[in-house]
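Student:
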Amino acid sequence: MHVTFDKKMKKYLLVIQLVMLISMVAAQTKAHDNEPAAMESVSPNIFVRDIKATIDFYKILGFKVMTAVPEGNDPIFVMMTCGTATFMFQAFGSIENTLPIISRSDGASLLLYIKEKDIQSMYENVKDTIPVLLELEKTFYGTTEFSIKDNNNYMLTFAQNE
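Take any residue in the sequence shown, note its place counting from 1, add 5, and you have its number in the numbering used here.
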């Protein structure tokens, strides 16, 4: 599939790149010249085929859209948050023939590990709506976890430390 971009769409792509650049620069700020910067969080940028379906899926999990580019009914990029967790979703089509290192297949080899404060409530809220891959269980390493597959074939594991 070949996608062409007008000036307005190129402007939106530039905004996305600027947001990502600012995030990277902020993460590289050093406390001292001889010490690496302390990381505070990670916000994956996940490439998907259907942004609208992804928004709907992650709303079930409690996420809210914080930023959409362009704003309106047909975004190519969204930033969603739930508590302190932030995910960015970007349409495969928005990168056209650039960034060849990014796989264009759903799911990839990625598992998103998400810490929860109330794992039982989270499990109860989604177990009848979303297919559960691994049921709620206590692990040998001291967490209670369960796993689901999102609408883009990514595995999400929710965990609470005991």
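Where is the CB? At the ideal position from N, CA and C, for every residue including glycine.
I need the boundaries of the beta strand (DSSP E) containing N102, first residue and last residue.
Tutor: Segment: none, N102 is in no beta strand (DSSP E) and carries neither H nor E.
Student: On the three-state DSSP scale, how would you describe A113?
Tutor: Coil.
Student: In terms of residues, what are the limits of the alpha helix (DSSP H) holding S126?
Tutor: Start and end: 124-131.
Student: Over what stretch of residues does the alpha helix (DSSP H) that includes T59 continue unbroken?
Tutor: Its alpha helix (DSSP H) spans residues 56-65.
Student: In whole angstroms, what is the alpha-carbon distance linking G112 and F62?
Tutor: Cα-Cα distance, rounded: 15 Å.
Student: Which of the three DSSP states, helix, strand or coil, is assigned to F97?
Tutor: Helix at F97.
Student: Leaving out the 5 sequence neighbours to the left and right, which residues in its chain are closer than 6 Å to A96 when beta-carbon positions are compared?
Tutor: Answer for A96: I56, I81, listed in chain order.
Student: Compute the Euclidean distance between the alpha carbons of M71 and I60, then round it to the nearest angstrom.
Tutor: Roughly 11 Å between the two C-alpha positions.
Student: Would you check if there are 3 or more beta carbon pairs closer than 8 Å linking the region 134-144 to the region 91-105?
Tutor: These segments do not touch.
Student: Terminal residues of the continuous beta strand (DSSP E) containing I51?
Tutor: Run containing I51: 50-53, per the beta strand (DSSP E) assignment.
Student: Tell me, please, which residues DSSP counts as bridged to M160.
Tutor: Its beta-bridge partners are L116, K154.
Student: May I ask you to list the residues that DSSP assigns as paired with T148?
Tutor: BP columns for T148 point to N166.
Student: Is any non-hydrogen atom of the ligand NAP found closer than 7 Å to the C-beta of Y146, if you look at the structure I gave you?
Tutor: The ligand NAP is not part of the structure shown, which contains no ligands of any sort.
Student: Buried or exposed for V74, going by 16 or more other Cβ atoms inside 10 Å?
Tutor: Burial call: buried.
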